[in-house]
Amino acid sequence: MSHYQETYDRWQRDPDAFWRTVAKGIDWIVPPERIFDPDSGPYGRWFPDAVCNTCYNCIDRHVEGGRADQAALIYDSPMTGRQQRYSFAEFKEEVVALAAVLRDLGVEKGDRVIIYMPMVPQAVFAMLACARIGAIHSVVFGGFASRELATRIDDARPKAVIFASCGLEPGRVVAYKPLIDNAIEMADHKPEHCIVLQREEQPCTTVAGRDIDYAQAVAAAKNADVEVDCVPVAATDPLYILYTSGTTGQPKGVVRDNGGHMVMLHWSMWNEYGARPGEVFWAASDVGWVVGHSYIVYAPLLAGCATVLFEGKPVGTPDAGTFWRVIADHKVAALFTAPTAFRAIKGQDPRGEHIGRYDLSSLRTLFLAGERADPETLKWAEEKLGVPVIDHWWQTETGAPISQNPVGLGMLPVKHGSPGVPMPGYDIRILDDSGAEMARGGLGNVVIRLPLPPGCLPTLWNADERFREAYLAEFPDHYKTADAGYVDEDGYLFIMARTDDIINVAGHRLSTGGMEEVVAEHPDVAECAVIGVADELKGQVPYGFVVLNAGVARPGREIEREVVALVREKIGPVAAFKTVVTVKRLPKTRSGKILRGTMQKIADRHSWTSPATIDDPAILDEIAAALNERETGT
Ligand code: COA
Ligand code: AMP
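Its first residue numbered 1, the sequence shown is counted upward by one per residue in our numbering.
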């Protein structure tokens, strides 16, 4: 028997009463009197008069409430062969010491701190230390290069940066120091301090007067036995900024507040994920992504769970059995990852032979998100693991699931290919391009009727207008998800594609527009288009099409290699940009718009027709021939 419908109806009947009750799950310094203020911010603000501290709710209240010796953080790193467990008490000691270091550097409530770290415990300590003193963290994923970092530094204007000397990728050490140095040099804003975590795999040199050694500073703070109280912040104060791909090279600074975020995440752990305090929750993602923020760090800790921090890959570290080894070693109750990880495992171990080698009896549920879960992979996981596999849909902007099969409220029948039903807080509508609501089953723009629920972004960092323009302008009174999909006769949602130029590569959200900006910087490139092409492992990968300047005599292949290197250098390896095809012309409409959609169909080998508005239909055949030539090597 599922309580889903009754819970959703209760929310819809009286949202204020619903969130007032849910908010009781949090320890407030000043509890909310008002639940929602429709008059502030671009669409309103949650818990406008409440005061709280997120770090207190993640750590201190568990230490005080009897969980001091329970595991809070389990670091498991097949990359280094290390494992380490931190109890809530030990975790607190680490966070307090780092908070003291930041405080002594003059970092105060409202100051920004950029964190550029791989999957090491210190990345989590850094996030919580910021939260403790009311500073706003902004974590940058390690796979982004200097220019992406510089853009974020200029937008967030951090007082301090915390970084590690290196990250570890299979077969490769990624030195972070040169990336940080370049980024700071490129940026107009100069952070006052850098705190450097020296990893023994590759320590780095430090800059005198700027860099502070993480280990030494934290050890000194611990020796001095310093205390750092949790600083009271308004529920509406930002906890973090997380940059995500927009439609240009300028990423969007998604703001997360303290109060609404805690309320939503805490509620989600039991009701949506069915995870109880004391259990082990594992999100195999990265702290640089929203899944890492919400379900490696904040939600499990808010709920009093132990969270696993995994520094490795689903395959190759050392093999396709590594996920099962982690589940068995740490008695993981719930695993959350991206479908691409399962496609990688299935590709290497199609019969699931590694699975039988481990005791997976602790595992109750597998959650998949970040990209569309193809039914074949989903069924494979269900069959091999013998547990429910939950596809759920969300975005960096929402910070928690928009739709799901809510395990804690009671499972609904599973429909393969659907990420479930709307969660309380989300009134989902499907609109056509003119804004009219579509009949059930009709494919259209998936939008959310305002207000967005607690935990969703209240705005973009220092950019209310951009927020309105990007999300609210096209469909008044609604938030545009930029996903296309439909709702079936049973109320299940199906998410089919993005309506903008965002692509999803191995569960990573990337902007083809941003890549085009970089490709266009190559001096020999006259024009370009980047599209997402279907890929068996990564879901999609970017393909670049370039038209060279007249008179360029160098071989096209040489320039193509340079373009690939340029994107890797400017955006980073995570762009997975490896294919460039030189063409004579790009297909355009008569008004000059590049026909990317048709190019994508050609590349995906889907049937395509020449749009009526095309300038010269012969160009599409040229594109098909160029792709064919590239792929067959003829
Ligand atoms: N720091 C530096 N480089 C990184 C990086 C990081 N944190 N993460 C990835 N990269 C690099 C990779 O080494 C790779 O470099 P290469 O071109 O030299 O090989 C490149 O970025 C592309 O990475 P990725 O797309 O992840 O491909 P992959 O072949 O290394 O791995 C998977 C493929 C499927 C195993 C991997 O993408 C994966 O585990 N995905 C899970 C997805 C996930 O966690 N999503 C988060 C949302 S839930
Ligand atoms: P991100 O902001 O990186 O979480 O990416 C959000 C986008 O990923 C969404 O807008 C969707 O396009 C896609 N996405 C995430 N989860 C799913 C899912 N379960 N099914 C289909 N698409 C998804």
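Don't be surprised by glycine CBs; every beta carbon is placed ideally from N, CA and C.
Can you tell me whether Gly444 is helix, strand or coil according to DSSP? Gly444: strand per DSSP, three-state reduction.
Tell me which residues share the same chain as Val315 and place their Cβ nearer than 8 Å to its Cβ, disregarding the 5 neighbours each side in the sequence. So the qualifying residues of the chain are Thr322, Ala344, Ile345, Gly347, Gln348.
Leaving aside the five residues before and after Glu562 along the sequence, list all residues of the same chain whose C-beta is less than 7 Å from its C-beta, in chain order. Leaving aside the five residues that flank Glu562 on each side, the residues in its chain whose CB is nearer than 7 Å to its CB run, in chain order, His522.
Going by the CB atoms, is the gap between Gly260 and Ala50 shorter than 7 Å? No; because the gap between Cβ atoms is not below 7 Å, this pair is not in contact.
Using three-state DSSP, classify Gly167 as helix, strand or coil. Looking at Gly167 - three-state DSSP - the assignment turns out to be strand.
Which ranges would you report for the alpha helix (DSSP H) in the stretch 279-307 if only whole runs of at least 4 residues count? The alpha helix (DSSP H) runs of length 4 or more contained entirely in the stretch 279-307 are, from start to end of the chain, 299-302.
Mind the definition here: the stretch 132-146 touches the stretch 238-247 only if three or more C-beta pairs lie below 8 Å; say whether that holds. With a cut-off of 8 Å, the stretch 238-247 and the stretch 132-146 count as touching, because enough Cβ pairs lie within range.
Alpha carbon to alpha carbon, how far is Glu489 from Ile428? Each residue's alpha carbon lies about 14 Å from the other.
Here's the rule: buried if 16 or more other CB atoms are within 10 angstroms of the residue's CB, otherwise exposed. What is Val30? Per the 10 Å Cβ criterion, exposed.
Is the beta carbon of Trp393 within less than 6 Å of some heavy atom of the ligand AMP? At least one heavy atom of the ligand AMP lies closer than 6 Å to the C-beta of Trp393.
So within the stretch 468-541, which uninterrupted alpha helix (DSSP H) runs reach at least 4 residues, ignoring any that extend past its ends? Scanning the stretch 468-541 for uninterrupted alpha helix (DSSP H) segments of 4 residues or longer gives 512-519, listed from N- to C-terminal end.
Span of the alpha helix (DSSP H) holding Ala565? For Ala565, the uninterrupted alpha helix (DSSP H) run begins and ends at 556-570, by DSSP.
Looking at the ligand AMP, does it come within less than 6 Å of Ala575, judged from the CB to the closest heavy atom? Because no heavy atom of the ligand AMP lies under 6 Å away, the Cβ of Ala575 does not count as near it: no.
Beta bridge counterpart(s) of Phe367 as assigned by DSSP: In DSSP, Phe367 forms a bridge with Phe336, Ile390.
Excluding the 5 residues preceding and the 5 following Leu363 in the sequence, name in chain order all residues of the same chain whose CB lies nearer than 8 Å to its CB. If the five residues before and after Leu363 are omitted, its C-beta is found closer than 8 Å to the C-beta atoms of Ile327, Val332, Ala333, Ala334, Leu335, Leu385, Val387, all from its own chain and listed in chain order.
Selection from Asp104, Trp282, Tyr492 that minimises the alpha carbon distance to Asp76: Nearest option by C-alpha distance: Trp282.
Considering Cα atoms alone, identify which of Pro617, Gln202, Gly633, Ala299 is closest to Gly455. Taking only the C-alpha atoms, the option nearest Gly455 is Ala299.
If you compare alpha carbons, which of Met438, Lys588, Asp464, Val263 is closest to Pro617? Answer by Cα proximity: Lys588.
For Ser146, report the span of its alpha helix (DSSP H) as first-last. Here the alpha helix (DSSP H) through Ser146 covers 146-156.
Exposure of Gly592, with buried meaning 16 or more beta-carbon neighbours within 10 Å: Here Gly592 is exposed: its Cβ has fewer than 16 other Cβ atoms, across all protein chains shown, within 10 Å.
Can you give me the C-alpha to C-alpha distance between Lys538 and Asp39, rounded to a whole angstrom? Distance between the alpha carbons of Lys538 and Asp39: 43 Å.
At a cut-off of 6 Å, would you count Lys313 as near the ligand COA, judging by its Cβ distance to the nearest heavy atom? Residue side-chain check: Lys313 places its Cβ nearer than 6 Å to a non-hydrogen atom of the ligand COA.
Could you check the C-alpha separation between Leu627 and Ala338 for me, to the nearest Å? Rounded to the nearest angstrom, the two C-alpha atoms are 29 Å apart.
With a threshold of 8 Å, are at least 3 pairs of Cβ atoms found where one atom belongs to the stretch 85-103 and the other to the stretch 171-180? The stretch 85-103 makes no contact with the stretch 171-180; the number of CB pairs closer than 8 Å stays below 3.
Counting C-beta neighbours from all protein chains within 10 Å, is the total for Asn549 16 or more, i.e. buried, or is it exposed? With a 10 Å radius around the Cβ and a threshold of 16 neighbouring Cβ atoms, Asn549 comes out exposed.
Phe577: which of Val505, Thr598, Cys528 sits nearest, CA to CA? Residue Val505 is the option with its Cα nearest to Phe577.
How big is the Cα-Cα spacing for Gly65 and Leu128? Their backbone Cα atoms lie some 19 Å apart in a straight line.
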